[in-house]
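A.B. asks: Per our numbering, the sequence shown starts with residue 202, numbered consecutively. In this text, a Cβ means the ideal position worked out from N, Cα and C, and glycines have one as well. Only a predicted model underlies this, so the values are computations on that prediction, with no experimental measurement involved. First the structure, which I've put down as structure tokens, then a few questions once you've had a look.
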Amino acid sequence: MAFEQTPAERREVTVRRAPKYVPFLIAGALAGIVVAAVVAYAAPGDSTFDPGAVFGFFLIMFAAVGAILGAALALVLDRRSVRRQERAVVEAVPDSETDTGPQD
């Protein structure tokens, strides 16, 4: 069986490392939850408010702010990755064997 030589297809592609946004949002929200716990339980507060209620209030507030800050950080890193993108040339490599179906 003779192999047919076909010219390999070459393409120019852009390569960059872009961040995933969801992990940044989750990390920011978790950092906000930790800050809310510290503010609610470590800081002296008014005795008329339950510490759990204070934590719940700060939890919503700081988790949202943390998620927004995480998204902003991901956007900054994404813009930075656009500036550092590189061009590369890729070439398709043909299979050396043809597929004949399931191998038994």
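For the candidate residues 275, 254, 292, whose alpha-carbon lies nearest to that of residue 227?
C.D. replies: Minimum Cα distance to residue 227 is reached at 275.
A.B. asks: Express the C-alpha separation of residue 277 and residue 237 in angstroms, rounding to a whole number.
C.D. replies: Cα-Cα distance, rounded: 25 Å.
A.B. asks: Excluding sequence positions up to five away, which residues of its chain have a Cβ less than 6 Å from the Cβ of residue 267?
C.D. replies: Excluding sequence neighbours, residue 267 sits near 229, 230, 232, 233.
A.B. asks: By the DSSP assignment, the alpha helix (DSSP H) with residue 284 in it spans what residues?
C.D. replies: Where residue 284 is concerned, the enclosing alpha helix (DSSP H) stretches over 252 to 284.
A.B. asks: Below 8 Å between beta carbons: does that hold for residue 255 and residue 243?
C.D. replies: For residue 255 and residue 243, no; Cβs fall outside 8 Å.
A.B. asks: Do the region 246 to 254 and the region 283 to 294 make contact, defined as three or more Cβ pairs closer than 8 Å?
C.D. replies: Flag = no, the region 246 to 254 and the region 283 to 294 do not touch.
A.B. asks: Could you spell out the range, first to last residue, of the beta strand (DSSP E) harbouring residue 243?
C.D. replies: Element bounds for residue 243: not the beta strand (DSSP E) but the alpha helix (DSSP H), 222 to 243.
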